[in-house]
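A.B. asks:
Protein chains: 2
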Amino acid sequence: MPGKIYLFPVPIAETPIEHVLPAYNRDCLAGIRHFIVEDIRTARRFLKKVDPQFDVDACSFYLLNKHTAATELNQYLTRIKEGFDMGILSESGCPAIADPGADIVRMAQEMDVEVIPLVGPSSILLALMASGFNGQRFCFEGYLPVDKDQRAKSLKQLEQRSYQEDMSLLFIETPYRNQKMLEDLLLHLRPQTRVGFAYDVTGPDAWIKSKSVAEWKKHRPTLDKKPCIFMLYKG
Amino acid sequence: MPGKIYLFPVPIAETPIEHVLPAYNRDCLAGIRHFIVEDIRTARRFLKKVDPQFDVDACSFYLLNKHTAATELNQYLTRIKEGFDMGILSESGCPAIADPGADIVRMAQEMDVEVIPLVGPSSILLALMASGFNGQRFCFEGYLPVDKDQRAKSLKQLEQRSYQEDMSLLFIETPYRNQKMLEDLLLHLRPQTRVGFAYDVTGPDAWIKSKSVAEWKKHRPTLDKKPCIFMLYKG
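Residue numbers (our numbering), protein chains in the order written: chain A, 1 to 235; chain B, 1001 to 1235.
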């Protein structure tokens, strides 16, 4: 019998495990000793946090990042053919969402391996829930272009789509450029367009607010340092 | 001090609570006696399932569905101004995602009420995680048109977008039309385009598989009866 692949979400902020992960995830971890991970040290720390008794030294860890070659990924999956269950752990949030992991899941699908995704925190989804924007149609765009002109064009296109298709648009930025992104949004979008910020989602400084561009211009929030999801929707 | 709004996900399939909800959600529920719900009977059942000791009879329930007028929603929110915390419970999954609830969250945002989204199961997100499709750019489209020609056009547009924008596309259908949707996908999409089905996610019959259209044509799965997420991505 071949093994299965379990996708284990991890916390996205400084928060107790039981705030953001179902107890069942710990039960699933208990039977797994082969883990595909973005960073071995944080993976070990996570496993110990979930269960201090977890025998981390008995585990094999396989590194997955943008430098990992497809041939290596294929080798990792031979463990599954040998009958071992494997876990995929990302650095933060849900494996394969805005994050590496999708490639190995694709290979697992091609090999007809059973893939079992587990529940956990997604800043994208939590941000959208709390925004008040359209949750029947939404789009996550990842990172926008950094180039000034291309970014302005991209923001206007997304805004246009939100009006034409009644769609919520979400995207991210590296934290040290968050404040710049905020300024770009206020500069390029229409005054009535609604903009949402989801800052440090599930963390100690968490807040999620949406207002019109005109309203935000009166009171600019501080977004530096921690991860933020940016959202826009027609006004 | 005004109250806060908590968004409580509920299970999306026949599954024990601790499989899909963090223990923290129960702690948050403990202090709340005002609930905005899609269906009072299922809300009561959910609360009792989370905590058999929960004093459901001491709770006030406020009905939220597509017939609820904005004036009523506004009245619900007066409880918050009076200092009470409120919970929003959808019928299934995450409030305000592919589901009512976004309107009342928007009003809460306009009133500057703090909105706290809690972690729980989203069939959309779990489907995408397990698909192996691009999780850096994805779009949820809700329901596609039912009309034959419009649906064919819509499917071809989504396929086009997946190739042009390197984007995963997700959508849903009412379960009794799932099998028809499957046939439409196999009829209208290119042979190399990849299609994913996420059936009864987190439930006893759960499976998530993605293959090319050409592969699916050789072995058609049975999708009737239970909820299914449909996904497509460039081949």
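Backbone N, C-alpha and C define an ideal beta-carbon position, used for all residues, glycine too. Being a predicted model, the structure only gives us computed values, none of them experimental.
Along chain A, in chain order, which residues have C-beta atoms closer than 7 Å to that of H1019 of chain B?
C.D. replies: Within chain A, the residues near H1019 of chain B are P22, Y24.
A.B. asks: Closest by CA to N178 of chain A, which one among A:S168, A:K226, A:P2?
C.D. replies: Residue A:K226 is the option with its Cα nearest to N178 of chain A.
A.B. asks: For the stretch 69–141 of chain A, which segments carrying the beta strand (DSSP E) assignment without a break, of at least 3 residues, lie completely within its bounds, in sequence order?
C.D. replies: For the stretch 69–141 of chain A, whole beta strand (DSSP E) runs of length 3 or above, ordered along the chain, are 86–89, 115–117.
A.B. asks: Please list, in chain order, all residues of the same chain as C1094 of chain B whose beta carbon is under 8 Å from its beta carbon, the five residues on each side excluded.
C.D. replies: Counting only Cβ-Cβ distances below 8 Å, and skipping sequence neighbours, we find L1007, P1009, P1117, G1120, P1121, S1122.
A.B. asks: I32 of chain A: which of A:M86, A:A98, A:A69, A:A96 sits nearest, CA to CA?
C.D. replies: Checking every option, the nearest Cα to that of I32 of chain A belongs to A:M86.
A.B. asks: Using 8 Å as the Cβ pair cut-off and three pairs as the minimum, do the stretch 1025–1044 of chain B and the stretch 1129–1143 of chain B touch?
C.D. replies: In short, these stretches do not touch, since the Cβ pair count stays below three.
A.B. asks: Under 8 Å Cβ-Cβ, which residues of chain A neighbour E1141 of chain B?
C.D. replies: Under the 8 Å cutoff, chain A gives R137.
A.B. asks: If you run the structure through DSSP and keep just helix, strand and coil, what is A198 of chain A?
C.D. replies: Strand, per DSSP.
A.B. asks: Tell me which residues of the stretch 112–136 of chain A have at least one Cβ-Cβ distance to chain B shorter than 9 Å, keeping chain order.
C.D. replies: Cβ contacts with chain B: D112, E114, V115, I116, P117, L118, V119, G120, P121, S122, I124, L125, L126, A127, L128, M129, A130, S131, G132, F133, N134, G135, Q136.
A.B. asks: On the DSSP bridge assignment, give the partners of L170 of chain A in chain order.
C.D. replies: DSSP lists A:F140, A:M231 as partners of L170 of chain A.
A.B. asks: CB M1181 of chain B to CB E1173 of chain B, shorter than 8 Å?
C.D. replies: Yes, they are a contact pair.
A.B. asks: Between which two residues does the alpha helix (DSSP H) carrying K1153 of chain B extend?
C.D. replies: From DSSP, the alpha helix (DSSP H) with K1153 of chain B extends over 1148–1164.
A.B. asks: How many Å lie between G101 of chain A and E1072 of chain B at the Cα?
C.D. replies: Taking the straight line joining both Cα atoms gives about 45 Å.
A.B. asks: Could you check whether the stretch 107–117 of chain A touches the stretch 1200–1211 of chain B, counting it as contact only if at least three pairs of C-beta atoms, one from each stretch, sit closer than 8 Å?
C.D. replies: Output reads yes: the stretch 1200–1211 of chain B touches the stretch 107–117 of chain A.
A.B. asks: Could you please give the first and the last residue of the uninterrupted alpha helix (DSSP H) stretch that includes F46 of chain A?
C.D. replies: Per DSSP, F46 of chain A belongs to the alpha helix (DSSP H) from 40–50.
A.B. asks: Does the distance from the CB of T1202 of chain B to the CB of L1232 of chain B come in under 8 Å?
C.D. replies: The answer is no: Cβ separation not under 8 Å.
A.B. asks: When burial is assigned at 16 or more other CB atoms within 10 Å of the CB, is V1146 of chain B buried or exposed?
C.D. replies: V1146 of chain B should be labelled exposed.
A.B. asks: Check whether the Cβ atoms of F969 of chain B and C1059 of chain B lie closer than 8 Å to each other.
C.D. replies: This structure cannot speak to residue 969 of chain B, because chain B is shown only from 1001 to 1235.
A.B. asks: Where does L1064 of chain B fall in DSSP's three states?
C.D. replies: Looking at L1064 of chain B - three-state DSSP - the assignment turns out to be coil, as it is neither helix nor strand.
A.B. asks: If you drop the 5 nearest sequence neighbours on each side, which residues of the same chain put their C-beta closer than 8 Å to that of D1200 of chain B?
C.D. replies: Closer than 8 Å at Cβ, skipping near neighbours: A1013, A1206, W1207, K1226, P1227, C1228.
A.B. asks: Starting from the Cα of Y1143 of chain B, find the closest Cα among B:M1107, B:D1099, B:Q1164, B:Q1109 and give me that residue.
C.D. replies: Y1143 of chain B has its Cα closest to that of B:D1099, out of B:M1107, B:D1099, B:Q1164, B:Q1109.
A.B. asks: Between which two residues does the alpha helix (DSSP H) carrying I36 of chain A extend?
C.D. replies: Not the alpha helix (DSSP H): I36 of chain A falls in the beta strand (DSSP E), residues 34–37.
A.B. asks: Residues of the stretch 1209–1223 of chain B with a CB closer than 8 Å to any CB of chain A: list them in chain order, please.
C.D. replies: Cβ contacts with chain A: K1209, S1210, K1211.
A.B. asks: By alpha-carbon positions, which one of A:A198, A:N74, A:I88, A:E110 ends up nearest to V1195 of chain B?
C.D. replies: Residue A:E110 is the option with its Cα nearest to V1195 of chain B.
A.B. asks: Is the beta carbon of L1021 of chain B sitting closer than 8 Å to the one on V1037 of chain B?
C.D. replies: Cβ atoms of L1021 of chain B and V1037 of chain B: not closer than 8 Å.
A.B. asks: Would R1190 of chain B and G1235 of chain B qualify as a contact pair, given that the criterion is a beta-carbon distance under 8 Å?
C.D. replies: For R1190 of chain B and G1235 of chain B, yes; Cβs fall inside 8 Å.
A.B. asks: Please work out which residues of its chain come closer than 6 Å, Cβ to Cβ, to T1163 of chain B, disregarding the five sequence neighbours upstream and downstream, and give them in chain order.
C.D. replies: Checking the sequence shown, residue 1163 of chain B turns out to be Tyr, not Thr. The answer, listed in chain order, is K1234.
A.B. asks: Thinking L1169 of chain B and R1161 of chain B are a contact (beta carbons under 8 Å), I'd like their distance in whole angstroms, please.
C.D. replies: Their Cβ separation, rounded to whole angstroms, is 7 Å, which keeps L1169 of chain B and R1161 of chain B in contact under 8 Å.
A.B. asks: Looking at chain A, is there any beta carbon in it that lies within less than 8 Å of the beta carbon of I1229 of chain B?
C.D. replies: No, its Cβ sits nowhere closer than 8 Å to a Cβ of chain A.
A.B. asks: Going by the DSSP bridge assignment, what does L7 of chain A pair with across the sheet?
C.D. replies: According to DSSP, which records beta bridges pairwise, L7 of chain A is partnered with A:I88, A:P117.
A.B. asks: When you compare only the Cα positions, how much space is there between K1153 of chain B and E1159 of chain B?
C.D. replies: For K1153 of chain B and E1159 of chain B, the distance between alpha carbons rounds to 10 Å.
A.B. asks: Tell me which residue opens and which closes the alpha helix (DSSP H) that K217 of chain A is part of.
C.D. replies: Here the alpha helix (DSSP H) through K217 of chain A covers 213–218.
A.B. asks: With burial defined as no fewer than 16 other Cβ atoms inside 10 Å of the residue's Cβ, what is the status of D1184 of chain B: buried or exposed?
C.D. replies: Under this definition D1184 of chain B is a buried residue.
A.B. asks: By the criterion of Cβ-Cβ separation under 9 Å, what are the contact partners of I1097 of chain B in chain A?
C.D. replies: The answer, in chain order, is L125, L128, M129, G135, Q136, F138.
A.B. asks: Mapping DSSP to helix, strand and coil, what is I12 of chain A?
C.D. replies: If DSSP states are grouped into helix, strand and coil, I12 of chain A belongs with coil.
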